[in-house]
Amino acid sequence: MSRFFVSCREATGLSTELLEGTLSFSQRLRVRFHHLICAGCRRYLTQLESLRAAARKWGGQVEPAVPPGLDELTRRFRGE
Amino acid sequence: MTARPHVQVVVSREDQALVERLRARDAAAFRTLVTSLHGRLLRLARHYVRSDALAEEVVQETWLGVIEGLPGFEGRSTLRSWIFRILLNRAQTRGAREARSAPVSSLASDDEGNEAWLESRFDAAGHWNVFPAAWPAESPEALYGRKDAMEALRAALPLLPERQRAVFMLRDVEGLESEEVCNALDLTETNQRVLLHRARTRLREALERHFS
Numbered sequence: 000m001s002r003f004f005v006s007c008r009e010a011t012g013l014s015t016e017l018l019e020g021t022l023s024f025s026q027r028l029r030v031r032f033h034h035l036i037c038a039g040c041r042r043y044l045t046q047l048e049s050l051r052a053a054a055r056k057w058g059g060q061v062e063p064a065v066p067p068g069l070d071e072l073t074r075r076f077r078g079e
Numbered sequence: 000m001t002a003r004p005h006v007q008v009v010v011s012r013e014d015q016a017l018v019e020r021l022r023a024r025d026a027a028a029f030r031t032l033v034t035s036l037h038g039r040l041l042r043l044a045r046h047y048v049r050s051d052a053l054a055e056e057v058v059q060e061t062w063l064g065v066i067e068g069l070p071g072f073e074g075r076s077t078l079r080s081w082i083f084r085i086l087l088n089r090a091q092t093r094g095a096r097e098a099r100s101a102p103v104s105s106l107a108s109d110d111e112g113n114e115a116w117l118e119s120r121f122d123a124a125g126h127w128n129v130f131p132a133a134w135p136a137e138s139p140e141a142l143y144g145r146k147d148a149m150e151a152l153r154a155a156l157p158l159l160p161e162r163q164r165a166v167f168m169l170r171d172v173e174g175l176e177s178e179e180v181c182n183a184l185d186l187t188e189t190n191q192r193v194l195l196h197r198a199r200t201r202l203r204e205a206l207e208r209h210f211s
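Taken in order, these protein sequences are the chains called A and P.
Residues in the first sequence are numbered from 0 upward in steps of one, following numbering that gives the first Met the number 0.
Residues in the second sequence are numbered from 0 upward in steps of one, following numbering that gives the first Met the number 0.
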């Protein structure tokens, strides 16, 4: 990616790296600039971000659970 | 893709303290650990085996593995990524045994036809033929609030190739750091990102189809 202008294909291809914060400064600049001028890629990124955030909300939803055999497991853990 | 030895992880002080209490066979520490992780392990296991009962068995086996492995735990990964790793090994063994008869096992390889659908959306110059359509629920809150959308997401998960699914579950659902995911799955950071990218691409596609 040596040109300043990246295509939509390139911008979407770099979206995970953008969200993960692993792009170099100049790559990030190019992708961000592309998003300024491309509504399609902006929407694509928004949707990816929402997917990630919704997955995380789902992940945070689990309540602490006491497994059925906890006493037995604890005995084993204690080496009893 | 080649596996590589553990990615260096900075283990938190709380983690170290907990490991020390566990090594000292502190029953309260063990019960806290089990209670805090059991539900999450169960959910993850449920993506590999067909029934809740089997998932419960896999998690039980995981805890036995934890008890057995604790003396040898070297702290090169975080405690939770080590435990998730044990779970995934157990779950995959169990899942593979079932796979011949399971209708939902994913047979696609990690590299197979992955982004073909996305690719078809671009013209020769790499620009969108048609912009992606807006979703009726586009913010995280709105998306999470749509039962049908979350159902579509859950339904799409088993269709992902195994490693993509595992990376997505650990990184995006369970919220592990990328280094922890690498350790749990024996992946390099680059491979982990590629798998995550493919998983997210496919799942976004599944939501797009759901909303269209």
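Idealized CB from N, CA, C, for every residue including glycine.
Margin query: With a threshold of 8 Å between beta carbons, is Ser100/A in contact with chain P?
Written below: Chain A is shown from 0 up to 79; residue 100/A falls before or after that span and cannot be answered.
Notebook entry, point to check: Buried or exposed: which applies to Ser11/P, given that a residue is buried once 16 or more other Cβ atoms fall within 10 Å of its Cβ?
Noted result: exposed
Check: Are Glu179/P and Ser76/P touching if we call contact CB-CB under 8 Å?
Finding: Between Glu179/P and Ser76/P, the C-beta spacing is below 8 Å.
Next item on the list: Identify every residue that forms a DSSP beta bridge with Trp127/P.
Entry: Note: Trp127/P sits in a beta bridge opposite Phe121/P.
Next item on the list: Find the nearest neighbour of Trp134/P within the set Ser6/A, Leu50/A and Gln26/A, judged by alpha-carbon distance.
Entry: Leu50/A
Notebook entry, point to check: Where does Val57/P fall in DSSP's three states?
Noted result: If DSSP states are grouped into helix, strand and coil, Val57/P belongs with the helices.
Item checked: Spatial distance of Arg84/P from Ala123/P (CA atoms) -> Whole-angstrom Cα-Cα distance: 42 Å.
Notebook entry, point to check: By how many angstroms is the C-alpha of Gln91/P removed from the C-alpha of Thr32/A?
Noted result: Per the sequence shown, the amino acid found at residue 32/A is Phe instead of Thr. Each residue's Cα considered, the two are about 43 Å apart.
Check: What residues from chain A crowd round Ser119/P, counting only those whose CB sits closer than 9 Å?
Finding: Result: empty, since nearest Cβ-Cβ is about 11 Å, beyond 9 Å.
Note to self: To be precise: take each residue of the stretch 49-79 of chain A, compare its Cβ to all Cβ atoms of chain B, and keep it if any distance is under 7 Å. Which residues remain?
What the structure shows: Protein chains A and P are contained in the structure displayed, whereas chain B is not.
Next item on the list: Answer with yes or no whether the minimum CB distance from Gln46/A to chain P is below 8 Å.
Entry: yes
Notebook entry, point to check: Under a three-way DSSP split, which group does Trp62/P fall into?
Noted result: DSSP places Trp62/P in the helix class (H, G or I) of the three-state scheme.
Margin query: Does chain A have any CB closer than 8 Å to the CB of Leu106/P?
Written below: Residue placement at Leu106/P is flagged as unreliable, the pLDDT there being 47, under the threshold of 50; the coordinate-derived value follows with that caveat. Not closer than 8 Å to any Cβ of chain A, the Cβ of Leu106/P fails to qualify, so no.
Check: Can you round the beta-carbon distance between Glu19/A and Ser177/P to whole angstroms, since I take them to be within the 8 Å contact cut?
Finding: 7 Å
Item checked: Whole-angstrom C-beta distance between Leu21/P and Asp69/P, which should lie under 8 Å -> In the sequence under discussion, the amino acid at residue 69/P is Leu, which differs from the Asp named in the question. Confirmed, Cβ separation roughly 6 Å.
Item checked: is_contact[Arg42/A, chain P] using C-beta, thresh 8 Å -> yes
Note to self: For Arg120/P and Tyr143/P, what's the separation of their Cα atoms in angstroms?
What the structure shows: Straight-line Cα distance between these residues: approximately 26 Å.
Checklist line | Ala148/P versus Asp25/P - alpha carbon distance | finding: 43 Å
Item checked: Contact list for Glu8/A against chain P, beta-carbon separation under 8 Å -> Reading off the sequence shown, one finds Arg at residue 8/A, where the question assumed Glu. Those are Glu118, Phe121, Gly125 and His126, listed as they occur along chain P.
Check: chain A beta carbons: is any one of them nearer than 8 Å to that of Phe130/P?
Finding: Taking Cβ atoms only, chain A reaches closer than 8 Å to Phe130/P, which makes this a yes.
Note to self: If the criterion is Cβ atoms closer than 8 Å, does the pair Leu117/P and Thr61/P meet it?
What the structure shows: no
Check: Span of the alpha helix (DSSP H) holding Cys7/A?
Finding: Cys7 to Gly12
Next item on the list: Identify which residue in Leu69/A, Ala52/A, Glu79/A and Gln46/A has its Cα closest to the Cα of Phe210/P.
Entry: Of the candidates Leu69/A, Ala52/A, Glu79/A and Gln46/A, the one whose C-alpha sits nearest the C-alpha of Phe210/P is Gln46/A.
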